[in-house]
Each structure stands twice: as C-alpha cells, then as structure tokens.
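For reference, the structure discussed in these notes is given below.
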Amino acid sequence: MGLVWRLLLLALIPLRIFLELFWCYIWTPRDKKTRTIHPANKATNGRSPSTLPSSNGHDGQVDTTAVSPDKLKDLYDALDLWWGPTSCLQVMSRMNKVRMPIIVQTYIRDVQGRQFDPSVPKEATPLLGARICDVGCGGGYLTEALVDAGAEVVAIDANEVTLLAAKQHWTETRGLKVNGPEYHQALVQEFSQRHEGKFDIVVCSELIGNVTDSMSLIPHILKLVREGGAVVITTNNRTLFSLLFTIIWLEHVAAVVPFNFRHLYKFIRPQELHRELKKYNVEPIETIGFLPLGLTARLTWRLQWVLTSFTGLWYAQVAKKVFA
Ligand SMILES: C[S@@+](CC[C@H](N)C(=O)[O-])C[C@H]1O[C@@H](n2cnc3c(N)ncnc32)[C@H](O)[C@@H]1O
C-alpha cells in the first residue's frame, strides 16, 4: 500500500468518525448496497490454472473445467484472499479459537442437555452427531473446523466465487473425503424455505452487522433450526469501542480491512438481537464477549482471540428454539 494512501487514510480519521456517528445517530443511509468480500485485484499467490485439479465437481471439489476463465481468475484471487499466508482475513480464521468452544458448549449443554465441564480434556470430535448449518460461511474457516470436530456441516454463502474458494481449499488440503462439508451457493432467505427445521445448530458468524438490514435475516436463519436446537450468532456491538477499534483502527490505522467496509450503524446491540430472537419462539441463553489481544499493526501471528465478559466489541449470542 502506497505511503500517500496510508497518509490519506490517517488524515480521513476525523471525517470518518463524524460520518459514522452522523449515520448512526442522526440520519441512517437507506440505499447503501450490501458489500460482500470480493477478491478483485488480489495476487494469485503463485497458483496457476494448471495447479488446480479438475474433477467431476462431486464431494465439494470445484470442476475447474466448467468455470469460465474470468471466474477462474477470481477463484485464485479468492483462495488467496481467504487462505493466503498474509491474508488480512486470517484474523477471522483465528476467531475459531473462541467460536469453537462456544459452539461445542452449546451443542453439549443446550442441545443434548448433558453436563458441560470446560475443565475436562476435550474429546477429538465433540460435535459428532450434530447437524450444523454455517450461514454466510465465506471461505470456510469455521466450516472446516466444525467438520474437524465431527459435525455434519451444510455451509451456504451468497457469493459464488467465495464458495468456490471454500470448496477448493477443502479439496486441496484434505482431498476428496466423503465426510467433507456440503457447500451451497444460496441466500439464507431462499435456502431456509427448503430446509426448515433441519439443523441441530445454525451458526451465523460475522454476517449479521456487516450487511444492510441484518435484522430481516433473523427469521430466515431461525427457520433452519429444529425445535430444541440452537443458534449461535457472532457479531460486533454498536459501541464507541467498536467504532474506534473495528473501524478506525482496522481500516485507517492498521489498514488491514478494506476502507469503508464496515459501518457503525449496521452493528447490532445484544439487547436488540435478544429482542428480535424472542419474537420467533427462540429463547436467548447467553451473551458471551470476545476480543483480539496482541493485535499489532500488521496483524501478525501474535494475535489471540480471548473469551471475556466484556461484550462491547465482539459478542456471541446463543439461543435455543423452544418446543412449540
Ligand atoms: C464476513 S463473511 C463471514 C465468513 C465466515 N462466517 C467466517 O466468519 O469466517 C460474511 C459472508 O456472508 C455472506 N452473505 C452475506 N449475505 C448473505 C445472505 N443473505 N445469505 C448467505 N450469505 C450471505 C457473504 O457473501 C460473506 O461471504
């Protein structure tokens, strides 16, 4: 990134703070388009078409012979964006360290009704038997971890190229394993019409709060959960801390997240999510905070996500669909 652009980003901080507060508290833009992470203009990390295997497209592998040359380029870029060694999105992959214990606890304690003792050494596959839907799976960071923990996972994402990258990464790293994740390109709004009540747990991580009118997605997400099943939603709280850290620091100072990518007015407070869940026969169980520690300007390997009772930055809301 050029020095001029870095200086410009720093100079724009006061204006950005003003605009974010204005949009949040005085006038909320209605017509801003939902932005999904798109791999345009990223390096291909040394991959070339010849290094991508082609197949019949079964078991999650991408049939690269059926992908147009334009999409193929996007696919390599998406692979690099999500899974490249220096990708800024790796910060989300590391979030698994806090997301996975929350999901395992939810399955054992809230869905199975068993005693959950975090001090007991963990089984290798604590989610064995769980049928989980990962809504807005992106490049598959959480999806892969869920499968590794023994769950049967269906992962959906609206973005075709992102989903191709998720499939391709699974194949490149694991081979054609029969029990890999089942990936679908779909909007949750339409997928939920066909898969009502099919899942023990529905996970929706870092989607709500990043798109316009997130609350309208809640009934669709909940529709996928079976009675007695649970939902785990992770997102950013709408606080001054979030403005300063997740927008100003990550976009303007560390500049590791694309400029103008996230907006305070889209973030959701736990109480608002809580109220929304209760409208649909879903009982909120707990709100768990988490935050990144050791974050350096370049998002180096020192970054660690930790669970905390402080919910002012990131939080997970766990809720259970009660029997009608
Ligand atoms: C920030 S990414 C989160 C990725 C993943 N959950 C993780 O935490 O690693 C959000 C993803 O949600 C997807 N998305 C946005 N709106 C969606 C919708 N209505 N239905 C399904 N996916 C959606 C986007 O394409 C994007 O890949």
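Residue numbers for the sequence shown, in this note's numbering: -6 to 317. Where is the CB? At the ideal position from N, CA and C, for every residue including glycine.
Query raised in the report: Do residue 177 and residue 13 have their CB atoms nearer than 8 Å?
Result: No, Cβ-Cβ distance for residue 177 and residue 13 is not below 8 Å.
Query raised in the report: Any idea if residue 208 is buried or exposed, counting beta-carbon neighbours within 10 angstroms, 16 or more meaning buried?
Result: Looking at its Cβ environment, which holds fewer than 16 other Cβ atoms inside 10 Å, residue 208 is exposed.
Query raised in the report: If you measure from the beta carbon of residue 159 to each beta carbon in chain D, is any gap under 8 Å?
Result: Checking the listed chains, one finds no chain D in this structure; it contains a single protein chain.
Query raised in the report: Looking only at its own chain, which residues have a Cβ that is under 6 Å from the Cβ of residue 185, when we skip the five neighbours before and after it?
Result: The beta carbon of residue 185 is closer than 6 Å to those of 213, 216 and 217 in its chain, skipping five residues each way along the sequence.
Query raised in the report: In whole angstroms, what separates the C-alpha of residue 308 from that of residue 98?
Result: C-alpha separation (whole angstroms): 15 Å.
Query raised in the report: In its own chain, which residues sit with a C-beta less than 6 Å from the C-beta of residue 267, not counting the 5 before and 5 after it?
Result: Closer than 6 Å at the Cβ level, and outside the excluded window around residue 267, lie 277.
Query - residue 251 burial status per 10 Å Cβ neighbour count (16 or more: buried) - result: With fewer than 16 Cβ atoms within 10 Å of its Cβ, residue 251 is classed as exposed.
Requested in this report: Whole angstroms is fine: what's the gap from residue 220's alpha carbon to residue 125's?
Outcome: In a straight line, the C-alpha of residue 220 is about 14 Å away from that of residue 125.
Query raised in the report: Can residue 98 be considered in contact with ligand 1, in the sense that its beta carbon sits closer than 7 Å to one or more heavy atoms?
Result: Not under cutoff, so the answer is no.
**Report entry** Residue from 104, 274, 15 and 63 whose Cα sits closest to the Cα of residue 192
**Finding:** Among 104, 274, 15 and 63, the Cα nearest to that of residue 192 is on 104.
**Report entry** Given residue 304 as reference, the closest of 297, 283 and 314 once Cα atoms are compared
**Finding:** The residue with the shortest Cα to Cα distance from residue 304 is 283.
Query raised in the report: Which two residues bound the contiguous beta strand (DSSP E) that contains residue 198?
Result: Counted as a single uninterrupted DSSP element, the beta strand (DSSP E) harbouring residue 198 occupies residues 192 to 198.
Requested in this report: Write down the C-beta distance between residue 248 and residue -1 rounded to the nearest angstrom, noting that I regard them as a contact closer than 8 Å.
Outcome: The beta carbons of residue 248 and residue -1 sit about 6 Å from each other, so the pair counts as a contact at 8 Å.
Query raised in the report: The beta strand (DSSP E) with residue 308 in it runs from where to where?
Result: Residue range 307 to 314 is occupied by the beta strand (DSSP E) that includes residue 308.
Query - Extent of the continuous alpha helix (DSSP H) run through residue 13 - result: Residues 6 to 18.
Report task. Specify, as a first and last residue, the run of the beta strand (DSSP E) that residue 71 falls within. Result -> Here residue 71 belongs to no beta strand (DSSP E); instead the alpha helix (DSSP H) covers 62 to 76.
Query raised in the report: Is the distance from the Cβ of residue 196 to the Cβ of residue 174 below 8 Å?
Result: Their beta carbons are not under 8 Å apart, which means residue 196 does not touch residue 174 by this criterion.
Query - 8 Å Cβ cutoff met for residue 183 and residue 163 - result: Going by C-beta atoms, residue 183 is not nearer than 8 Å to residue 163.
Query raised in the report: Roughly how many whole angstroms lie between the Cα atoms of residue 236 and residue 10?
Result: Distance from the CA of residue 236 to the CA of residue 10, rounded to the nearest whole angstrom, comes to 8 Å.
Report task. For the alpha helix (DSSP H) holding residue 165, just list the boundary residues, first then last. Result -> It spans 153 to 167 - the alpha helix (DSSP H) in which residue 165 sits, taken as one unbroken run.
Report task. Report the rounded CA-to-CA distance for residue 108 versus residue 253, giving the unit in angstroms. Result -> Near 44 Å, if we compare the C-alpha coordinates of residue 253 and residue 108.
**Report entry** As assigned by DSSP and simplified to three states, the class of residue 275
**Finding:** In the structure shown, residue 275 sits in a strand (DSSP, three-state: E or B).
Query raised in the report: Taking DSSP as the reference, what is the three-state secondary structure of residue 263?
Result: Residue state, collapsed to three classes: helix.
Report task. For residue 23, name the three-state secondary structure that DSSP assigns. Result -> The answer is coil: DSSP assigns residue 23 none of H, G, I, E or B.
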